[in-house]
Each structure stands twice: as C-alpha cells, then as structure tokens.
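Written out below as structure tokens is the structure these notes cover.
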Amino acid sequence: MLARAVTHAPAELQLPRGRVIVNLAPAELRKEGSGFDLPIALAMLAASGQVPHDRLAEHASVGELALDGRIRPVGGVLAVAEGARREGLTELLCHPDSGTEAALAGVEPIPARHLADAAAYLRGELELEPLVPGNGRRDTSAHPDLADVRGQERARRALELAAAGRHNILLGGPPGTGKTMLARRLPGILPPLWDAEALEVTRIHSVAGLVDPDHPLVVEPPFRSPHHSASTAAIVGGGPRLRPGEASLAHHGVLLLDELAEFMRPALEALRQPLEDGEISVARAAGNVRFPARFQLVGTMNLCPCGARGDPNAQCSCSAQRLARYRDKLSRALLDRFDLVVTVPRPRAVELQGEPGEGSVTVRARVVAARERLRDPPRRTAEADALLTRAVERLPLSGRGRARVARVAQTIAALAGSQDVAPEHIAEALSYRRPAELAS
Ligand SMILES: Nc1ncnc2c1ncn2[C@@H]1O[C@H](COP(=O)(O)OP(=O)(O)OP(=O)(O)O)[C@@H](O)[C@H]1O
Ligand SMILES: [Mg+2]
C-alpha cells in the first residue's frame, strides 16, 4: 500500500554512524549554494542501504534541506535540469515550486516537500503527485509608450535604429529634455526573445533568484537600470557569493546607465570587455568564471556638470577643469563603443503642446520587420563603400568605429526596406558618431 506524503521527519531515516566523506568531484570546479543538500542526503541514504542505488541513479535531484528535513526551493534549477538532461536523466526530484522551471529543460519534475518523501518515493513506497506544469511564460509587462514623448524626432529615430540593430546608444543633453523618458521607452519597441534566447536569459535570472516559480520563462528582453552608486561587482558580477551582475542580468536585453557620468569609472571600464565579446570573466583564486553578458547599452548624460551645455538659452558655468574632470570619467574607449550618440535639445514650447508622438506599437512593428531583414543584411554599394573609406580618413574613425558605422548603416537600410546600403545610409550613420559637445 502506498503511504501518504509525510510532512515530518520519520524516525526510520538513520544518519550513518562515524565519519562520512562526500566527494563532489571534480574538485577544481567551484560549487556554490545549498542546492546540493538534497542530493548529498540521498547519496548518504543510498550508501547506507536506506534507498536503492539503482533507483537513485535514475534520478537527478536538487534542493536545500531545512534541519527538520523539509526541502526548500533553490535558484538555478533550469541549469541543473539542463545538466541532468545532458547526463541522460529524465527525472528531477525537487521542491514543487521548482517544477515548472525544471520542465522548461524537458525534464520531468518529481515534486517532494520532505527528504523522507523523496526517500519513500525512491523505495517505491510513496507515489508523488506528478506536476502539471503550465507553459511557464512570464506575462509581458506594460511599458511606457513612446507617444508620451513630444518632439525629439532625431532622438526617436536613433532609438528606433537602436532597437532594430541592437545598437548601443548615448543620449546627451540639458536636464529635463526627455532623455530618461526616451531610454525607458526602448523595451516597449523591442521584439520578443527567440526561444533559445529566452532559455539563456531564464537560466541567468534563475541563478540570481529572480524568477517567478509559476512563470519562470523570461520571454521579453530584460531591462536593467542599476543606480549610479552601484559597485563594479554589482554591475559586472562576482563578489563573495559569485553572483551574475547587472550586465549579465541584461543579457539579450538592455542595460540602462542613467546619468552615465555619475557612475564610478572602474565600473564603466569593466563594461568594455563584455561590450566587445558579450561575456564577462571574473578572475577568482579557483580559476576564471564566465558569465554571458550580450546586452545593449543605453546611456544618458548631461553634457557638462552644470547641465547647461547644449542648451542655447543657458550659459554654462563650468570651469575648464571641472569640464575636463567630468569628461575624463568616460574614456574615449567607452565612448567609442556607442554606435549612436545623439544630443537631446530642449523641446520648443510648440512641440510640447503639439500632438502626441507616434506610439510604441507602430514603431515596434517597423523594428520587427527590420530585424527580419537583417537576418540577411543588405550589402554596401561601391559608392557607399567609397564614402565610408573617405570618412575613415577624414574623421578619423578607429577600426571599431568603421565597423560600427557600417553596421548602423545596414540597420538604416533594413528599416528603409532597401536591398543595399546606399551612400545616404552611410551618411546618416556617420551623423550619429560623437558630436562636438562630447569631444575631448
Ligand atoms: N520631449 C518631451 N515630451 C514630453 N514630456 C517631456 C519631454 N521632455 C521632458 N518631459 C517631461 O519632463 C520630465 C523629465 O524628463 P526626463 O526625466 O526624461 O529628463 P532628462 O532629460 O532625463 O533630464 P535629466 O538630465 O535631469 O535627467 C518627464 O517626466 C516629462 O514629464
Ligand atoms: Mg534623466
């Protein structure tokens, strides 16, 4: 006869007497977290003959154990379930709250609330109710609408290009002109994640303990906006508990650094590597740890500490030294990684009173179409190529700068529905390089 699920530790589970050595090979691979509690306890029960070896060998398991034997959910279950699948295991013993996440990896979750239940199940004395996981998709969130932004046509155009081509964008200008407002409207015009991307993002968010147990699958590009006082470890990851940072949480999505020049320089510099290769490696005594971090960077900033630069109706009161210090915060190397740099001027009164701008739904439809066309990107005509070569010599553009202009021009062509990249597309792309106000 099958027993009912118990919620207290039964007396019959015995801890083996004497010393117990648990070997978590391979030793050079760093293990973190309490998710090993349940597998270690089950291994000890198998070693002491209290659960059958062969049954245990057919199951993966993950979970934290309370002192009374209750199983608690842990983060990172998707990665565990994917690992189990790679090892050919199709069933995962875990807390019921982890079930939907485990199912995302194509593994059958066996939900248990207590070590004794897991042991009884493995002995064949208890049937655990199978979970019927939902589709696990997180609801799409409501984003503020681009229609709220009046005027600022050039910045809106640059934002659309950024969305279509996943370009990094810097919005500079005087206070109160709508920079933060525009930046916060980028997620609303981005296409949803592809399935493989959704799994990658969910894996990272799960490790960071950010998923909702019932709807763990992140289906929209993440949008992260850390405060400017954030430490380097908070932004790029690491720290004593080796957590992914904001840059990794923004993987396949957007990292907004609002008030870019207020961030600490080491934190900004640490972003240079992931901006180039899409991952962060954190050096540890026990070897390097790599986190994926392919994000789109959005920065906003005033053009000087007093904020008046770029505003024709105000007089900048910053001394030359103060201005130089402010600009020194942003290295040339970091600025070079912004594909689109636009100044956001003070809107004119008539613009602020005018009709609402185009809404996010319309813009997003164009972005989605352009993304589709960019799968087979348009190529430069001979004239466009010649214009780009001339620009590299005159401006001058770095090798990276040239490649970035070329990519932005492709996005412009794709948005226009053009088969090739024409000289006018190169010319527009060049107009988004660093403006004079930011030149050092
Ligand atoms: N172009 C605009 N259209 C509509 N409202 C605007 C516009 N620009 C500014 N506003 C209004 O001003 C407020 C402040 O805008 P926002 O926070 O985006 O400014 P900002 O450029 O980021 O300024 P700061 O440099 O001080 O951070 C907005 O909440 C909005 O109400
Ligand atoms: Mg702002």
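Per the working numbering, residue 278 is the first one in the sequence shown, and the count goes up by one each step. For every residue, glycine included, the Cβ atom is placed at its ideal position computed from N, Cα and C.
Spatial neighbours of Gly576 in its chain, beta-carbon cut-off 6 Å, leaving aside the 5 residues before and after: Leu447, Leu534 and Leu537, listed in sequence order.
Boundaries of the beta strand (DSSP E) in which Leu369 is found, first to last residue: Segment Glu368 to Cys371, the beta strand (DSSP E) holding Leu369.
Closer than 6 Å: Asn579 CB and nearest ligand 1 heavy atom: Result yes, Cβ under 6 Å from ligand 1.
Proximity of Arg434 and Glu628 at Cβ, strictly below 7 Å: Taking a C-beta distance under 7 Å as the contact criterion, Arg434 and Glu628 do not qualify as a contact pair.
DSSP-derived helix/strand/coil call for Asp345: Asp345: coil per DSSP, three-state reduction.
Contact under 7 Å by Cβ, Leu651 with Ala597: It is not a contact, given that the beta carbons lie outside the stated cut-off.
Exposure label - Ala397; buried when at least 16 CB within 10 Å: By the 10 Å Cβ count, Ala397 comes out buried.
For Pro551 and Ala282, the rounded distance between their alpha carbons: Note that Ala282 has pLDDT 47, beneath the 50 cutoff, so the model's placement of it is unreliable and the number below is only indicative. In this structure, the straight-line span from the alpha carbon of Ala282 to that of Pro551 is close to 48 Å.
Check: Gly426 C-beta below 6 Å from any heavy atom of ligand 1: Note on residue identity: the sequence assigns Val, not Gly, to residue 426. At least one heavy atom of ligand 1 falls within 6 Å of the beta-carbon of Val426.
Cα-Cα separation, Val645 to Gly465: C-alpha separation (whole angstroms): 12 Å.
Cβ neighbours of Glu289 in the same chain (closer than 6 Å, five flanking residues each side left out): Closer than 6 Å at the Cβ level, and outside the excluded window around Glu289, lies no residue.
N- and C-terminal bounds of the alpha helix (DSSP H) containing Thr377: Secondary structure note for Thr377: its alpha helix (DSSP H) is the uninterrupted segment Gly376 to Leu381.
DSSP three-state assignment for Ser325, whether helix, strand or coil: Correct three-state label for Ser325: coil.
N-terminal and C-terminal residue of the alpha helix (DSSP H) that Gly678 is part of: Run containing Gly678: Gly676 to Leu692, per the alpha helix (DSSP H) assignment.
Where Ala393 falls, given that 16 or more other Cβ within 10 Å makes a residue buried: By the 10 Å Cβ count, Ala393 comes out buried.
Candidates Asn590, Ser525, Ala591 and Gly530: closest to Val559 by CA position: Selected option, being the one with the closest Cα: Ser525.
Cut-off 7 Å between Cβ atoms - residues of its own chain near Ala460, not counting five sequence neighbours on either side: Only Leu448, Leu533, Asp535, Val575 and Thr577 meet the Cβ criterion.
Beta-carbon proximity check, Val496 vs Arg443, cutoff 7 Å: Between Val496 and Arg443, the gap from beta carbon to beta carbon reaches 7 Å or more.
Complete beta strand (DSSP E) runs within the region 467-539 (minimum length 3 residues, chain order): Secondary structure in the region 467-539: the beta strand (DSSP E) runs of 3 residues or longer, each lying completely within the stretch, are 531-534 in chain order.
Segment limits, alpha helix (DSSP H) that includes Gly360: Val354 to Arg363 is the extent of the alpha helix (DSSP H) around Gly360.
The region 604-624 / the region 578-588 touching (three or more Cβ pairs under 8 Å): Verdict: yes, contact present.
Status (buried if at least 16 other CB within 10 Å, exposed otherwise) for Ser375: Under this definition Ser375 is a buried residue.
Start and end residues, beta strand (DSSP E) containing Pro388: Counted as a single uninterrupted DSSP element, the beta strand (DSSP E) harbouring Pro388 occupies residues Glu385 to Pro388.
Val638 - DSSP class collapsed to helix/strand/coil: Helix.
Distance cut-off 6 Å: Thr457 Cβ against heavy atoms of ligand 2: Set against 6 Å, the gap from the CB of Thr457 to the closest heavy atom of ligand 2 is smaller.
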